[in-house]
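Chain order of the listed sequences is A and B.
Basically this note's numbering = 1-based index in the first sequence + 207.
Basically this note's numbering = 1-based index in the second sequence + 35.
Ideal Cβ placement from N, Cα and C applies to all residues, glycine included.
Treat the numbers as computed from the prediction; the structure is a model and nothing was measured.
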Amino acid sequence: GESVGLHLPTLSVQEGDNSIINCAYSNSASDYFIWYKQESGKGPQFIIDIRSNMDKRQGQRVTVLLNKTVKHLSLQIAATQPGDSAVYFCAENLASGSARQLTFGSGTQLTVLP
Amino acid sequence: DAGITQSPRHKVTETGTPVTLRCHQTENHRYMYWYRQDPGHGLRLIHYSYGVKDTDKGEVSDGYSVSRSKTEDFLLTLESATSSQTSVYFCAISDLAGDYNEQFFGPGTRLTVL
Chain A
208 GESVGLHLPT LSVQEGDNSI INCAYSNSAS DYFIWYKQES GKGPQFIIDI RSNMDKRQGQ
268 RVTVLLNKTV KHLSLQIAAT QPGDSAVYFC AENLASGSAR QLTFGSGTQL TVLP
Chain B
36 DAGITQSPRH KVTETGTPVT LRCHQTENHR YMYWYRQDPG HGLRLIHYSY GVKDTDKGEV
96 SDGYSVSRSK TEDFLLTLES ATSSQTSVYF CAISDLAGDY NEQFFGPGTR LTVL
């Protein structure tokens, strides 16, 4: 089956720098994408989403870019802070059966260095 | 955690015993999901529910059953626990407002099968 994957399992950045986390997806029929943040011992927390009719969406300190041509998704975090240290997952959403289902990537561990 | 609780939060059990995990929501959302999370894997869908008494299988449903007798509760049962079911289990809810599947997650249950 098709799946969502991540380019890098770990990423370390200096505090104050910008972070970029990448994600590749393979299902061209996916029309909605979500980034989640998961801190140790907690459940995933919604960060930002984007629909397939958009190329870019901005939130507070975060930007998601979608390149449908190469099936690539990225999450940019501006001025990375220690509290941003977590695992970040991308997920794709495909209408399926009686409910839209999310397919998750394996995650990228972001570590913010002092 | 968006009005979602899971119980128990931690459980240790022995191979062959039945185990039931509970997810309770106060958001009155229609859709509820059970995922498992294992090292090196993203979240994988076990079962989901699209209404009271309406459930369907996910990607990794073998060895699990679910029930939903009321909107706020979604139960996951391991009929006869095996060591391969040692994992962290997350419940999620979604209202599918506007037909886009933003899911909110509970805090998780860590299950160890000895």
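In this structure, does DSSP put G290 (chain A) in helix, strand or coil?
-> If you number the first sequence from 1, residue 290 (chain A) lands on position 83. In the structure shown, G290 (chain A) sits in a helix (DSSP, three-state: H, G or I).
When the cut-off is 8 angstroms and only beta carbons count, does H59 (chain B) lie next to chain A?
-> Taking the first residue of the second sequence as 1, we reach residue 59 (chain B) at position 24. No, because no Cβ of chain A sits closer than 8 angstroms to the Cβ of H59 (chain B).
Check the Cβ of N136 (chain B) against every Cβ in chain A and list those closer than 7 angstroms, keeping chain order.
-> Within the second sequence, numbered from 1, the residue matching residue 136 (chain B) stands at position 101. The contacting residues are Y239, N300, R307, L309.
Candidates B:D89, B:S104, B:T117, of which the one nearest H59 (chain B) by Cα | The residue labelled residue 59 (chain B) in the question sits at position 24 within the second sequence. Closest by alpha carbon: B:S104.
Reduced DSSP secondary structure (H/G/I, E/B, other) of Q120 (chain B) = Here residue 120 (chain B) is taken as the residue at index 85 of the second sequence, counted from 1. In the structure shown, Q120 (chain B) sits in a helix (DSSP, three-state: H, G or I).
CB contact check: G143 (chain B) to chain A, cutoff 8 angstroms | For the purposes of this step, residue 143 (chain B) is identified with residue 108 of the second sequence, where counting begins at 1. G143 (chain B) counts as touching chain A.
Taking 7 angstroms as the line, does the beta carbon of C126 (chain B) fall inside it for any heavy atom of the ligand ADP?
-> Absence of the ligand ADP from the depicted structure is noted, as is the absence of any ligand whatsoever, leaving it without description.
Cβ separation of Q308 (chain A) and L80 (chain B), assumed to be a contact under 8 angstroms, to the nearest whole Å | As a position in the first sequence, residue 308 (chain A) is number 101, starting the count at 1. As a position in the second sequence, residue 80 (chain B) is number 45, starting the count at 1. Right, their Cβ atoms sit about 6 angstroms apart.
Cα-Cα separation, L149 (chain B) to Y68 (chain B) | Stepping through the second sequence from its first residue, residue 149 (chain B) is reached at position 114. Stepping through the second sequence from its first residue, residue 68 (chain B) is reached at position 33. About 26 angstroms.
Starting from V101 (chain B), follow its DSSP beta bridges and name the residues at the other end.
-> The residue labelled residue 101 (chain B) in the question sits at position 66 within the second sequence. Per DSSP, B:L111.
Beta carbon of E272 (chain A), beta carbon of F240 (chain A): below 8 angstroms?
-> As a working mapping, residue 272 (chain A) is identified with position 65 in the first sequence. As a working mapping, residue 240 (chain A) is identified with position 33 in the first sequence. A quick correction: the sequence has Leu, not Glu, at residue 272 (chain A). No, the Cβ-Cβ distance between L272 (chain A) and F240 (chain A) is not below 8 angstroms.
Using a Cβ cut-off of 8 angstroms (strictly closer), state whether D262 (chain A) contacts chain B.
-> As a working note, residue 262 (chain A) is residue 55 in the first sequence. Output row for D262 (chain A): interface = no.
CB-CB under 7 angstroms to S118 (chain B), same chain, minus the five flanking residues each way: which ones, in chain order?
-> Position 83 of the second sequence, counting from 1, holds the residue named residue 118 (chain B). Hits under 7 angstroms: T50, V148.
When DSSP labels each residue in this structure, what does A231 (chain A) get in the three-state scheme?
-> The residue labelled residue 231 (chain A) in the question sits at position 24 within the first sequence. Strand at A231 (chain A).
Using a Cβ-Cβ cut-off of 8 angstroms, state whether K244 (chain A) counts as contacting chain B.
-> Counting from one through the first sequence, the residue named residue 244 (chain A) turns up at place 37. It does not: the Cβ of K244 (chain A) has no partner Cβ on chain B nearer than 8 angstroms.
Going by the CB atoms, is the gap between Q138 (chain B) and S129 (chain B) shorter than 8 angstroms?
-> To locate residue 129 (chain B), count along the second sequence from 1; it is residue 94. To locate residue 138 (chain B), count along the second sequence from 1; it is residue 103. Yes, Cβ-Cβ distance for S129 (chain B) and Q138 (chain B) is below 8 angstroms.
For G312 (chain A), the three-state DSSP class (helix, strand or coil) | Taking the first sequence and counting its residues from 1, one reaches residue 312 (chain A) at position 105. Reduced to three states, the DSSP call for G312 (chain A) is coil.
With DSSP run on the structure shown, which of helix, strand or coil describes T61 (chain B)?
-> As a first step, residue 61 (chain B) is located in the second sequence; it is residue number 26 there, counting from the start. If DSSP states are grouped into helix, strand and coil, T61 (chain B) belongs with coil.
Integer Cβ distance of Q72 (chain B) from T144 (chain B), believed to fall under 8 angstroms = Here residue 72 (chain B) is taken as the residue at index 37 of the second sequence, counted from 1. Here residue 144 (chain B) is taken as the residue at index 109 of the second sequence, counted from 1. The Cβ separation is near 11 angstroms, so there is no contact.
Sequence-distant residues of the same chain with beta carbon closer than 8 angstroms to R268 (chain A), five excluded per side | Looking up residue 268 (chain A) in the first sequence gives position 61. Hits under 8 angstroms: I284, A285, A286.
Give, in chain order, every residue of the region 56-88 of chain B whose Cβ lies closer than 7 angstroms to some Cβ of chain A.
-> Y66, G75, H76, G77, L78, L80, Y83, Y85
Could you tell me whether any Cβ in chain A is nearer than 8 angstroms to the Cβ of F139 (chain B)?
-> Taking the second sequence and counting its residues from 1, the one referred to as residue 139 (chain B) is at position 104. Judged by the 8 angstroms Cβ criterion, F139 (chain B) is in contact with chain A.
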